[in-house]
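*Asks:*
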Amino acid sequence: MRLSEYPRGGKFGTFGGRYVPEILMPALEALEEAYLSLRDDPGFREELARYLRDYAGRPTPLYFARNLTAHAGGAKIYLKREDLLHGGAHKLNNALGQALLAVRMGKRRLIAETGAGQHGTATAIAGAVVGLEVEIYMGALDAERQRMNLFRMELLGAKVHLVDSGTKTLKDAINEALRDWAANVRDTHYLIGSVVGPHPYPMMVRDFQSVIGREVREQVLAAEGRLPDLLVACVGGGSNAMGTFYPFADDEGVALLGAEGGGDGERHAASLARGSVGVLHGMRTYLLQDEWGQIAETYSIAPGLDYPAVGPEHALYRELGRAEYVAVTDTEALSAFHLLARLEGIIPALESAHAVHAAVRRAREMPRDAVVVVTLSGRGDKDLDLAFRAMGNGPRNGFTRHT
Amino acid sequence: MGWIQIAEAFSAARSRGEGALVAYLMGGDPDPRRSPEYLLAAAAGGADVLEIGIPFSDPVADGSTIQRAGVRALRAGTTPEAVLGVAAAVRREVNVPLVLMGYYNPILRFGEEEFVAAAAECGVDGLIVPDLPPEETGPLREATERHGLGLVFLVTPETQGDRARRIATSTRGFLYLVSRYGTTGERRGLPPDIMGLIGRFRDVADLPLAVGFGISRPEHVAAVIRAGADGAVVGSRLVREVEAGARPGELEATVRALKAATAL
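Taken in sequence, the protein lines are chains B and G.
The first sequence: position 312 = 312 (the numbering used here), numbered continuously.
Every number in the numbering used here is 403 more than the matching position in the second sequence, counting from 1.
Dropping the structure here:
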């Protein structure tokens, strides 16, 4: 069977599935049914397309990064500018899709988890514009690291719950959102922000994010008259990567490369590059876990990559060798962050900077007529504080002075 | 031993004119060495079945009391193997059926067949995996059947029609009825529709029906037994005592009061 035909029976090969408490099973079945019937419904598709175009700002540009290409000295590098989407990241593609679905399902309330605050913000935006109540779960530690994002969600009308259990980060925010959903499943839609969780979420989020790859396909054909040789994206849960990869899944000439959070080398969040198979958050996939199956603490400078699991479709792509996944360290990501700012005048999200690093390294070894597309999943404004602290006086230009 | 033993504990209680009391404690809480003393105290207080939790880093079906118990147990170095050791220590002293309750990933990591074989060896009679719906149980169900252990399934207020019947016929030992939406944890009252809920599942289950989640007071126990349940599961209420530093004797008295409420 072709790769694009997955999932089958809720599974991506042996990955995926539905490992949740019984109380959520009927809700997942109802969600799958509602999604499958709306997916091909012209009214729903038009409504979503209209929001994506008039409200979110799609299509996003595909930009030929001339200076970055010259710097790498190899393949042509294009940037898919999801950082220009309303809200500052690709997250809104999925949030709008699911929010509209929730309205059609008669739900009155959205809940969501957030790590960096990007998905929480996107959900708050989507909830505001379609008229649904929004409550966000955010790890207390993440909230401390991302105070402005917390404030932004509040401004958009969302109630934010700080999660003090476990490691107080994204995985615990998901646990708490699942508990909320179990308590309120009748009137609440859980708007999962990545290609993770129980079926149908990995499929549904992938479909909503695939607008990225479909546009890339059209834009790169217009610019180059052929398909790209390599697609690169960062992978936390893996939604911008899967949204980029999926429309090319069956094109064997297009190589796929995912950049995971390599942290400081010792502590990391590279579930595909260095993890093992297990079950968490409703899915069978690659996890970071200890010898007893307890979920390990993860670390990455990019909060959006700081997650101990990954979408099950990526697990399948890894197993089949369809995509390659590499760990990019904090230091490498910071240097790519700085590089893109200076060479192209674009400050990428720290998550996306991981992809930029992996792309530049790979492009260097490719011929000059080869084409690489990097998905710039978000903009870096949210990370200025983090980058400032991490860089100190190092890579700053050292010029600023009083006249 | 095995799932037959669990079902028999329910019918033995019934023949005495009582419902069964299923007492839950977290394995390895407060630490693996003292954990068996609390479980034995629960047995001495009259628990008909003991449910032993396996601590997990991400317990999505549990409320804060049992979450904290898991954290205590993990900090005290409790591994799934240590919980099996706790079960074996309890089994050496009493004949009461033992059911392990643990999330799927640690069992998967241990190896499903290996885990079930080791559990059977330790005198465990059944297994509850709250994040493993019947659809995903393949290898674990085969392993439990091979070793005669009961794989206990859950039904909830959301479980209807065919799905309810399918689960009721697949469960072994007893059918676990989750009384409410949400997670485990003490509640002041019972959900208003509890009678109807028990009635709904009474009719589909051939095996005993035990009601849990939020059952925390003797009057809750009495109410669900009178409504037709064969047993009541009490967890967070007991775990809270361990957390508060109660001595095993004090826990025994609490269990005795809950057990007294099972009389019909």
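All C-beta atoms in this analysis are idealised placements derived from N, C-alpha and C, irrespective of residue type, glycine included.
On a predicted model such as this, the values are computed, not experimentally measured, just so you know.
Going along chain B in order, which residues have a C-beta closer than 7 Å to the C-beta of residue 573 (chain G)?
*Replies:* Within 7 Å Cβ-Cβ: nothing; residue 573 (chain G) doesn't reach chain B, min ~12 Å.
*Asks:* At a CB distance below 9 Å, what residues from the segment 460-482 of chain G approach chain B? Give them in sequence order.
*Replies:* 460, 461, 462, 463, 464, 465, 466, 467, 470, 471, 474, 477 and 482
*Asks:* Taking the CB atoms as reference points, tell me whether residue 106 (chain B) and residue 303 (chain B) lie closer together than 9 Å.
*Replies:* no
*Asks:* To the nearest angstrom, how far is the alpha carbon of residue 570 (chain G) from that of residue 23 (chain B)?
*Replies:* 13 Å
*Asks:* Could you tell me the alpha carbon to alpha carbon distance between residue 454 (chain G) and residue 417 (chain G), rounded to whole angstroms?
*Replies:* 19 Å
*Asks:* Going by beta-carbon coordinates alone, are residue 205 (chain B) and residue 193 (chain B) separated by less than 9 Å?
*Replies:* yes
*Asks:* Mind checking whether residue 227 (chain B) and residue 253 (chain B) have CB atoms under 9 Å apart?
*Replies:* yes
*Asks:* Any C-beta of chain G within less than 9 Å: which residues of the segment 13-28 of chain B qualify?
*Replies:* 17, 18, 19, 20, 21, 22, 23, 24, 25, 26 and 27
*Asks:* Name, going along the chain, the residues of the segment 292-303 of chain B whose beta-carbon falls closer than 7 Å to a beta-carbon of chain G.
*Replies:* 292, 293, 294 and 295
*Asks:* When you check each C-beta in the segment 494-517 of chain G against every C-beta of chain D, which residues fall closer than 8 Å?
*Replies:* In summary, chain D is missing from the structure at hand, where the protein chains are B and G.
*Asks:* Tell me which residues share the same chain as residue 497 (chain G) and place their Cβ nearer than 7 Å to its Cβ, disregarding the 5 neighbours each side in the sequence.
*Replies:* 443 and 446
*Asks:* Is it buried or exposed for residue 275 (chain B), if we count other Cβ within 10 angstroms and need 16 for buried?
*Replies:* Looking at its Cβ environment, which holds 16 or more other Cβ atoms inside 10 Å, residue 275 (chain B) is buried.
*Asks:* Using only the alpha-carbon positions, how far apart do residue 620 (chain G) and residue 642 (chain G) sit?
*Replies:* 13 Å
*Asks:* So which residues on chain G does residue 278 (chain B) lean against when the C-beta distance must stay under 7 Å?
*Replies:* The contacting residues are 508, 511 and 512.
*Asks:* State buried or exposed for residue 416 (chain B), treating a residue as buried only when at least 16 other CB atoms are found within 10 Å of its CB.
*Replies:* Chain B is shown from 1 up to 403; residue 416 (chain B) falls before or after that span and cannot be answered.
*Asks:* Sort B:328, B:321 and B:223 by Cα distance to residue 267 (chain B) and report the nearest one.
*Replies:* B:328
*Asks:* Can you pull out the residues from the segment 156-183 of chain B whose beta carbon lies closer than 7 Å to at least one beta carbon of chain G?
*Replies:* 165, 166, 171, 175, 178, 179, 182 and 183
*Asks:* What first and last residue would you give for the beta strand (DSSP E) that runs through residue 78 (chain B)?
*Replies:* Unbroken beta strand (DSSP E) run through residue 78 (chain B): 76-81.
*Asks:* Do residue 4 (chain B) and the ligand FAD come close, with the Cβ less than 8 Å from some heavy atom?
*Replies:* Questions concerning the ligand FAD fall outside what the structure shown contains, since it holds no ligand whatsoever.
*Asks:* Could you pull out every residue in the same chain whose Cβ sits closer than 8 Å to the Cβ of residue 538 (chain G), ignoring the five residues on either side in sequence?
*Replies:* none
*Asks:* Consult DSSP for residue 541 (chain G) and reduce its assignment to one of helix, strand or coil.
*Replies:* Note: residue 541 (chain G) maps to helix in three-state DSSP.
*Asks:* For residue 285 (chain B) and residue 44 (chain B), which I take to be in contact (beta-carbon distance under 8 Å), what is that distance rounded to the nearest angstrom?
*Replies:* So it is not a contact: roughly 29 Å between Cβ atoms.
*Asks:* The beta strand (DSSP E) with residue 561 (chain G) in it runs from where to where?
*Replies:* Where residue 561 (chain G) is concerned, there is no enclosing beta strand (DSSP E), because DSSP gives it neither an H nor an E.
*Asks:* Going by C-alpha distance, which of B:214, B:197 and B:137 is nearest residue 287 (chain B)?
*Replies:* Nearest C-alpha to residue 287 (chain B): B:197.
*Asks:* Residue 330 (chain B): buried (16+ other C-beta within 10 angstroms of its C-beta) or exposed?
*Replies:* buried
*Asks:* Out of B:373, B:55, B:201 and B:333, which one is the CA nearest neighbour of residue 224 (chain B)?
*Replies:* B:373
*Asks:* Taking the C-alpha atoms as reference points, what is the distance between residue 501 (chain G) and residue 176 (chain B)?
*Replies:* 29 Å
*Asks:* Any residues in the segment 555-579 of chain G with a beta carbon nearer than 8 Å to a beta carbon of chain B? Which ones, in chain order?
*Replies:* 556, 557, 558, 559, 560, 561, 562, 563, 566 and 570
*Asks:* So is residue 364 (chain B) buried or exposed if we call it buried at 16+ other beta carbons inside 10 Å?
*Replies:* exposed
*Asks:* Tell me whether residue 94 (chain B) is buried or exposed, calling it buried when 16 or more other Cβ atoms sit within 10 Å of its Cβ.
*Replies:* buried
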